[in-house]
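A.B. asks:
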């Protein structure tokens, strides 16, 4: 799609310094863009590329405008302006409504006429599929699911029984929503399954990454609120609640019944134990192990950075002896105090 | 399904205090249950809900019976009693035997007449499928697999060549059993594949979570014994053996050839190195890194709990200097010892 | 397949001590092999099995030859020799070219006559599939993908739009290549999607494990070079570049835009942050958290080994107080220095 630069700038409420009639047909990095493309600067460490970029226009904040010889689109939030301009230049692939002949759709399913059911997709009894929904190839939608308008299941997504998706969700391949939670009762060493009777309910504008799994609730539902963004290979256990606009990076996991607030972020491979409460705007760095409730906004960590192997081995050995260190330190303090007493007394 | 309360209590060998003719049609949490539902108390911190619960009956241990105004079902193991009662109220969805017209079943496959092969499922040559087996939509069963009676593959499960499943297994969507193990030989920096010639053999009553992967053995088989329970997104490498009734939480991984005993538990995101031996009844907490054999029953950990970021950064910096700390501590001890000698000598 | 031992030894350039006309029909471990099978010794700790092995031949290095009563195939790299001999005895399953009637192949796709498209596989518009490619059951190949000669997608693999695979790649079930990267711009607390416009490009001889996910680039491509080997459940984020012959064990993750060199190895559950650079021949052990660039070859770690729970809890508590320890240690050093001054002065 080709757009006038003036129209693009206006669409995001940005100031344009340059020719509004320039034709923009693509996007590129500052160093890689070619004529006809628009680029952006969000990370100051790349600002030296401004002088030589071949982009026809650059989205940036006002302070860098003078360093750029190309047309500039000035925004307080260049990343956001870029996202919106790129979305106009590259809208999601359109599709014809209908269903592929190889799709298997139960006759009791209510599929909106503007939706698409792709090849080898399977849609069960009593499923409700809203306007403009895209069900990609190989998806499995079990009985009783509801998918609201504008949602897109890319390919090979599984929604187990009674899962509900809000409007404009985007679910990537291999994601599984509504599989049984990991509920086990122990009978003298032998595990017995606890029926998982809740559902998964997902709000609007939720994005779920490839091969991520969201388990159904044991009794109550597992709930992802509006605007939640989950990366790939994430595990959300039964009865977890995730608040609005919380984002989680890949390979993170949240154990059962934990409640997470709004606007939180979790670095990759974070692990959250069950039955705790995370407040709003709480942020964890990668590989953090979250073992208790964190109600206050803030930044929290526990990951240890990798270092040279032999030095690391020595440090690990010392960690084991910290208890001993502490005792020896205390003993020394006592001895030195006595010595100070002895030494100073003679001076009195 | 609606049941008499008396029948439910009797079915789990529990004492009923209340009207045996009450009709129970559902389950709920103590705080959320409504009339006609049965609830349970297993976590003492919820006991204050007993006074006000609207549940018609509550499963609990004897000590809490007097605090509950509803009918009580008294059990030494309320969680287990609940699991069994819930399983009666909500039996697994029944299915008609047969095969969906869109399923692709090799003519050499031996499929029991009471089994179901779902839409778009693919069953290869020489597969054996036992009585009452449910193969959900989109499953792929490669040639030579054997699936024993009563097992259920929910949807989009892959069993690679020659995988064997015991009776009454439950495999959740996206799980992959029998993919090649990660076997590589190095030829002057270039990796060459080592053929993976073993199988995956799974015992009875094994549950495998969504998107979990169990690799086939390199030479011998990878083996999950009866009653093993695996959560989502777990990785079991080639030649691993997992003993009876061992349970593992999500995102855990076990490297090649490790042998794990019976009745073990692994917290989420545990990582176990290869070629070691874990005994029976060994328990690891979340994010534990298991680097050596643990033969003795017990509880083991290595995860570091998340804490406030700036404090954490200081602690991490200190960890790197532990070796230096140790040396300085030793030096101080030596000096103080000398001082004590010097100081005390004059007293003699 | 049955082979002459002499032919097998010659095929890998190894010296044979024994009867070249022995017929070898299989492989086995030293302790498990039976007559007609060939075994190998790579780990010296198993050398005591040499005396009693029932294998007809053993691949080993020269130093162990005399301890083996069976025929020996002497190689400087027994593991590699074994891999190649096993590959001859157990070649990949052959297949007839063509397409299963249930496969859905867009008429614009260019599928080589020697390729196979399996049951319930879906191949989109403008896809190019090379000679001898195997597309297993339930795979989804979105429009514009290119798959070079000899590659094998075992089952239920997803390649999203415009993904490119080089020759002789092997992709295991559930893997997802080319799903959107996790690109989000923040609009006053609300996330907005950044279009992901790059592709995934994979070189030759790349193996990708079950349920591993490789995201497409945001602008530039995500690139796996020739010979990269990825285990199961790995997450490679957008714009990552992985160099030739680098291998990564299961449950590892690499965040966006990180560049990794050649010949690196990553232990299981390693986590690498975004926007850093890892040089050639850099090696990380399991659960390492890689938070900065590592340009020098070497071995690096940060994982903490699991230990007995109560001891661990004490060590964790001490870690939190390391800052306090450091201050007390410094204070003691100062005091002891003063004391030494005081004590020694009288000696002057």
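Protein chains in written order, with the numbering used here: chain W, 1 to 348; chain D, 1001 to 1348; chain Z, 2001 to 2348.
Just so it is clear, CB atoms sit at the ideal spot from N, CA and C, and this is done for glycine as well.
Can you tell me where the alpha helix (DSSP H) with residue 2016 of chain Z in it begins and where it stops?
C.D. replies: As a working mapping, residue 2016 of chain Z is identified with position 16 in the third chain. Per DSSP, residue 2016 of chain Z belongs to no alpha helix (DSSP H); it is in the beta strand (DSSP E), 2015-2017.
A.B. asks: Helix, strand or coil: which one does DSSP assign to residue 2319 of chain Z?
C.D. replies: Taking the first residue of the third chain as position 1, residue 2319 of chain Z is located at position 319. DSSP places residue 2319 of chain Z in helix when its eight states are reduced to three.
A.B. asks: Is residue 2192 of chain Z close to chain W? Criterion is C-beta to C-beta, closer than 8 Å.
C.D. replies: Working through the third chain from its first residue, we reach residue 2192 of chain Z at position 192. Chain W, which has a Cβ nearer than 8 Å to the Cβ of residue 2192 of chain Z, makes this yes.
A.B. asks: Alpha carbons only, please: which of W/182, W/158, W/311 is nearest the one belonging to residue 146 of chain W?
C.D. replies: Reading the first chain from its first residue, position 146 is the one you call residue 146 of chain W. Closest option to residue 146 of chain W, Cα to Cα, is W/158.
A.B. asks: For residue 1103 of chain D, which residues of its own chain have a beta-carbon under 6 Å away from its beta-carbon, when the five flanking residues on both sides are left out?
C.D. replies: One-based indexing of the second chain puts residue 1103 of chain D at position 103. Result list for residue 1103 of chain D: 1117, 1121, in chain order.
A.B. asks: Going by Cα to Cα distance, which pick from D/1099, D/1312, D/1333, D/1128 is closest to residue 1110 of chain D?
C.D. replies: In the second chain, counting from the first residue as 1, residue 1110 of chain D sits at position 110. Cα-wise, what sits closest to residue 1110 of chain D is D/1128.
A.B. asks: Hey, which unbroken runs of the beta strand (DSSP E) at 3 residues or more fall wholly within the stretch 2186-2265 of chain Z?
C.D. replies: DSSP runs (the beta strand (DSSP E)) wholly in the stretch 2186-2265 of chain Z: 2190-2193, 2200-2202, 2213-2215, 2222-2224.
A.B. asks: Taking DSSP's pairing of strands, which residues face residue 2037 of chain Z in a bridge?
C.D. replies: Here the question's residue 2037 of chain Z lines up with position 37 in the third chain. Beta-bridge pairing links residue 2037 of chain Z to Z/2026.
A.B. asks: I'd like to know if residue 1273 of chain D contacts chain Z, where contact means its C-beta is closer than 8 Å to some C-beta of that chain.
C.D. replies: The residue labelled residue 1273 of chain D in the question sits at position 273 within the second chain. It does: the Cβ of residue 1273 of chain D has a partner Cβ on chain Z nearer than 8 Å.
A.B. asks: Once you ignore the five residues that flank residue 2222 of chain Z on each side, which residues in its own chain have a CB closer than 7 Å to its CB?
C.D. replies: Position 222 of the third chain, counted from the start, is the residue given in the question as residue 2222 of chain Z. 2198, 2200, 2214, 2215, 2216, 2236, 2238, 2239, 2240, listed in sequence order.
A.B. asks: Less than 8 Å between the CB atoms is what I'm expecting for residue 1300 of chain D and residue 2333 of chain Z, so what's the real figure, rounded?
C.D. replies: By 1-based counting over the second chain, the position of residue 1300 of chain D is 300. By 1-based counting over the third chain, the position of residue 2333 of chain Z is 333. Not quite, the Cβ-Cβ distance comes to about 36 Å (not below 8 Å), so this is no contact.
A.B. asks: Let me check one thing: in DSSP terms, what residues is residue 2272 of chain Z bridge-paired to?
C.D. replies: Position 272 of the third chain holds residue 2272 of chain Z. Note: residue 2272 of chain Z sits in a beta bridge opposite Z/2254, Z/2290.
A.B. asks: Run through the DSSP bridge pairs and tell me what residue 111 of chain W is partnered with.
C.D. replies: On the first chain, residue 111 of chain W is found 111 positions in, with the first residue counted as 1. In the DSSP output, where bridge partners are listed per residue, residue 111 of chain W has W/129.
A.B. asks: Is there a Cβ from chain Z that is less than 8 Å from the Cβ of residue 169 of chain W?
C.D. replies: Along the first chain, read from residue 1 onward, the residue named residue 169 of chain W stands at position 169. Residue 169 of chain W does not count as touching chain Z.
A.B. asks: Given that a residue counts as buried once 16 or more other Cβ atoms are within 10 Å of its Cβ, and exposed if not, what is residue 1043 of chain D?
C.D. replies: Within the second chain, residue 1043 of chain D is the residue found at index 43, counting from 1. Residue 1043 of chain D comes out exposed.
A.B. asks: Note down, in chain order, every chain W residue with its Cβ under 9 Å from the Cβ of residue 1303 of chain D.
C.D. replies: On the second chain, residue 1303 of chain D is found 303 positions in, with the first residue counted as 1. Ordered by position in chain W, the residues that pass the 9 Å Cβ test against residue 1303 of chain D are 271, 289, 291, 302.
A.B. asks: For residue 267 of chain W and residue 256 of chain W, which I take to be in contact (beta-carbon distance under 8 Å), what is that distance rounded to the nearest angstrom?
C.D. replies: As a working mapping, residue 267 of chain W is identified with position 267 in the first chain. As a working mapping, residue 256 of chain W is identified with position 256 in the first chain. Incorrect: roughly 21 Å between the Cβ atoms, too far for contact.
A.B. asks: Using 8 Å as the threshold, is the C-beta distance between residue 302 of chain W and residue 1312 of chain D below it?
C.D. replies: For this step, residue 302 of chain W is matched to residue 302 along the first chain. For this step, residue 1312 of chain D is matched to residue 312 along the second chain. It is a contact, given that the beta carbons lie within the stated cut-off.
A.B. asks: Looking at the ligand FAD, does it come within less than 7 Å of residue 1213 of chain D, judged from the CB to the closest heavy atom?
C.D. replies: Summarising the ligand content, the structure contains no ligands, and the ligand FAD is consequently not present.
A.B. asks: Taking the C-alpha atoms as reference points, what is the distance between residue 1160 of chain D and residue 1177 of chain D?
C.D. replies: Sequence index remark: in the second chain, residue 1160 of chain D carries index 160 (1-based). Sequence index remark: in the second chain, residue 1177 of chain D carries index 177 (1-based). If I take the Cα positions, the gap works out to 6 Å.
A.B. asks: What first and last residue would you give for the alpha helix (DSSP H) that runs through residue 57 of chain W?
C.D. replies: Numbered from 1 along the first chain, position 57 holds the residue referred to as residue 57 of chain W. Element bounds for residue 57 of chain W: not the alpha helix (DSSP H) but the beta strand (DSSP E), 57-60.
A.B. asks: Counting only the same chain and skipping the five closest in sequence on each side, list residues whose C-beta sits under 7 Å from that of residue 55 of chain W.
C.D. replies: Taking the first chain and counting its residues from 1, the one referred to as residue 55 of chain W is at position 55. Correct list, in chain order: 28, 30, 33, 37, 38, 39, 70.
A.B. asks: Any beta carbon of chain Z sitting closer than 8 Å to that of residue 1228 of chain D?
C.D. replies: Here residue 1228 of chain D refers to the residue found at position 228 when the second chain is read from its first residue. Not an interface residue.
A.B. asks: Please decide whether residue 1314 of chain D counts as near chain W, where near means a Cβ-Cβ distance under 8 Å.
C.D. replies: In the second chain, residue 1314 of chain D corresponds to position 314, counting from 1. Closer than 8 Å: no.
A.B. asks: How is the beta strand (DSSP E) around residue 1283 of chain D delimited, first residue to last?
C.D. replies: By one-based count along the second chain, residue 1283 of chain D stands at place 283. Where residue 1283 of chain D is concerned, the enclosing beta strand (DSSP E) stretches over 1282-1284.
A.B. asks: I'd like to check one pair, residue 1306 of chain D with residue 182 of chain W: are the Cβ atoms closer than 8 Å?
C.D. replies: Numbered from its first residue, the first chain carries residue 182 of chain W at position 182. Numbered from its first residue, the second chain carries residue 1306 of chain D at position 306. Going by C-beta atoms, residue 182 of chain W is not nearer than 8 Å to residue 1306 of chain D.
A.B. asks: Considering only DSSP beta bridges, list what residue 1049 of chain D is partnered with.
C.D. replies: In the second chain, the residue the question calls residue 1049 of chain D occupies position 49. The partner list for residue 1049 of chain D (beta bridge, DSSP) is empty, contrary to what the question assumes.
A.B. asks: Looking at chain Z, is there any beta carbon in it that lies within less than 8 Å of the beta carbon of residue 325 of chain W?
C.D. replies: Reading the first chain from its first residue, position 325 is the one you call residue 325 of chain W. It does; some Cβ of chain Z falls within 8 Å.
A.B. asks: Which residues bound the alpha helix (DSSP H) around residue 5 of chain W?
C.D. replies: What you label residue 5 of chain W is simply residue 5 of the first chain in a count that begins at 1. Here the alpha helix (DSSP H) through residue 5 of chain W covers 5-11.
A.B. asks: Give the DSSP-derived three-state secondary structure of residue 1277 of chain D in the structure shown.
C.D. replies: The residue labelled residue 1277 of chain D in the question sits at position 277 within the second chain. Reduced to three states, the DSSP call for residue 1277 of chain D is strand.
A.B. asks: Which residue comes first and which comes last in the alpha helix (DSSP H) that contains residue 80 of chain W?
C.D. replies: If you number the first chain from 1, residue 80 of chain W lands on position 80. Taken as a continuous stretch (DSSP letters only), the alpha helix (DSSP H) holding residue 80 of chain W covers 78-89.
A.B. asks: My guess is that residue 1250 of chain D and residue 1232 of chain D are in contact by the Cβ rule of under 8 Å, so how many angstroms apart are they, rounded?
C.D. replies: Sequence index remark: in the second chain, residue 1250 of chain D carries index 250 (1-based). Sequence index remark: in the second chain, residue 1232 of chain D carries index 232 (1-based). Contact flag correct, Cβ pair sits at about 5 Å.
A.B. asks: Can residue 244 of chain W and residue 226 of chain W be called in contact, C-beta distance under 8 Å?
C.D. replies: Within the first chain, numbered from 1, the residue matching residue 244 of chain W stands at position 244. Within the first chain, numbered from 1, the residue matching residue 226 of chain W stands at position 226. A contact, by the Cβ cut-off of 8 Å.
A.B. asks: Cβ atoms of residue 2315 of chain Z and residue 319 of chain W: under 8 Å apart, would you say?
C.D. replies: Within the first chain, numbered from 1, the residue matching residue 319 of chain W stands at position 319. Within the third chain, numbered from 1, the residue matching residue 2315 of chain Z stands at position 315. In this structure, residue 2315 of chain Z lies closer than 8 Å to residue 319 of chain W by Cβ.
A.B. asks: Cα separation between residue 2162 of chain Z and residue 2124 of chain Z?
C.D. replies: Stepping through the third chain from its first residue, residue 2162 of chain Z is reached at position 162. Stepping through the third chain from its first residue, residue 2124 of chain Z is reached at position 124. Answer to the nearest angstrom: the Cα atoms are 10 Å apart.
A.B. asks: Going straight from the alpha carbon of residue 2016 of chain Z to that of residue 2081 of chain Z, what length do you get?
C.D. replies: Indexing the third chain from 1 puts residue 2016 of chain Z at position 16. Indexing the third chain from 1 puts residue 2081 of chain Z at position 81. Each residue's Cα considered, the two are about 12 Å apart.
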